[in-house]
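All remarks here apply to the structure that follows.
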Amino acid sequence: MSDFIVHHLELNGQGGATALSSLDLPTVVPESGCRWIHLDCLEEEGFTWLSDLEGIPETAVEALFAEETRPRAVKMGDGLLLTLRGVNLNPESNPSDMVSLRLWVTPHFIVSSRRRKLLSVQDTVKNLVNNEGPTNTGDIVATLTETLTGRMAKIIHDLEDELADLEESIGEGIEADQRDSLVQRRLETIRLRRFLVPQKEAINKLAQESLTWMTPDQTSQVHEAANDITRYVEGLESLRERCLLMQEEFANLQAEKMNARMYVLSILSGIFMPLGFLTGLFGINIGGMPGTDNGSAFWLFCIALVVLGGGQFVVMRKSRWF
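Below, the structure is given as structure tokens:
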């Protein structure tokens, strides 16, 4: 099989599929049966083959191989251009770095493309191999929409749990790692929301389109996915607000700590200012200073400073300065 072909399957309509080789690639869009070709966007040969495929719009070809994509659903005649995003569950990857899946769908043909592996596609192919997969193109679209949406639940729930733990720990004191954790959670929320909001619109539009190749059950499946992703978007909105409130709380607690420290320093300055004035005054080396001929003058002066400092402390305390 050519490098640009990830999967080339012929569905049997019973939940199974037969793997085909690159020699079986069509030259025109199939008008019967059900065929699914999954391509690797990084291979130039795929773009060349798809451009030469008769019956597919040029705009669809460009969208399937675009470097940057935004979730959307666009009807083109009997076909549908669908771009979705799924959480990145590949090893050592950030789930919020969402992976794109682009599809062009007709009643008997699906061509999809990827830049990185997507577990939802792999699971669908595995189910087809085990004769437990979708039966037609509409079923593939509904299944992929549902699985892509379903995998987001755990990621968003984990974010909610992490923020809840962080909220509980704020009252115990502010640590540097807490602020770093909050910043990281907020960035993940922003990344997820960036694609989930347009994906919600795309899935809602897909559910509302009158597509002859989708059964009522498949449409209902898409409706459920639309409802789920709407709930996830609302959850992300809540998480964003909570992050902002926690940042404000961090700033307020930090300001309170700083004010308390400055207050203590101000009290100490108020106590030692007159003491410093007196020690400076009696430290000048000129004639006429009292006690210069008295051997006990130094100790008497120290006692006077202690009494004066204590008196200031008592006055400030009674005045409720602290």
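Last residue of the sequence shown: number 318 in this note's numbering, and the count goes up by one each step with no gaps. All residues carry an ideal CB built from backbone N, CA and C; glycine is no exception.
*Quick one: residues in its chain with C-beta nearer than 6 Å to the C-beta of Arg111, no 5 flanking neighbours on either side, listed in chain order?*
Cys37
_Backbone secondary structure at Ser315 - three-state DSSP_ = coil
*Kindly indicate which three-state DSSP category Thr102 falls into: helix, strand or coil?*
strand
*Alpha carbon to alpha carbon, what distance is there between Arg31 and Arg69?*
Sequence inspection shows Ala at residue 69; the Arg mentioned does not correspond to that position. Computed Cα separation, rounded: 21 Å.
*Assign Met210 to one of three DSSP states: helix, strand, or coil.*
coil
*Are the Cβ atoms of Leu78 and Leu202 separated by less than 8 Å?*
yes
*Thr23 to Gly42, Cα distance in whole Å?*
13 Å
*Local conformation of Thr79 per DSSP, three classes*: strand
*With burial defined as no fewer than 16 other Cβ atoms inside 10 Å of the residue's Cβ, what is the status of Arg66: buried or exposed?*
exposed
_Asp154 versus Phe309 - alpha carbon distance_ = 52 Å
*Tell me the start and end of each unbroken alpha helix (DSSP H) in the segment 0 to 79 that is at least 4 residues and wholly inside, in chain order.*
40 to 48, 54 to 60
_Buried or exposed by the 16-neighbour rule on C-beta atoms within 10 Å, applied to Gly231_ = buried
*asked:* Which residue marks the beginning of the alpha helix (DSSP H) containing Gly146, and which one marks its end?
replied: 133 to 146
*Beta-carbon spacing of Phe0, Leu35 below 8 Å*: yes
*asked:* What does the alpha-carbon distance come out to for the pair Pro26 and Met242?
replied: 55 Å
*Under 6 Å Cβ to Cβ from Thr143, same chain only, skipping five residues before and after it: list those, please.*
Ser116
_Met269 versus Leu301, Pro286, Phe246, Glu88, residue with shortest Cα-Cα distance_ = Leu301
*Under a three-way DSSP split, which group does Leu114 fall into?*
coil
*Give every residue of the same chain whose Cβ lies closer than 8 Å to the Cβ of Arg189, excluding the five residues on either side of it in the sequence, and list them in chain order.*
Val229, Leu232, Glu233, Arg236
*DSSP three-state call for Leu85: helix, strand or coil?*
coil
*Please state whether DSSP places Ser177 in a helix, a strand or coil.*
helix
*May I have the straight-line CA-CA distance separating Val121 from Ala160, to the nearest angstrom?*
37 Å
*Can you tell me which of the three DSSP states Ser216 falls into?*
helix
*Alpha carbon to alpha carbon, what distance is there between Ile263 and Arg187?*
48 Å
*Using a threshold of 8 Å, state whether the C-beta atoms of Leu7 and Ala13 are closer than that.*
yes
*What three-state label does DSSP hand Ser92 in the structure shown?*
coil
*Between the C-alpha atoms of Leu178 and Leu192, what's the straight-line distance to the nearest angstrom?*
21 Å
*CA nearest to the CA of His4, picked from Asp93, Leu114, Met72, Val107*: Val107
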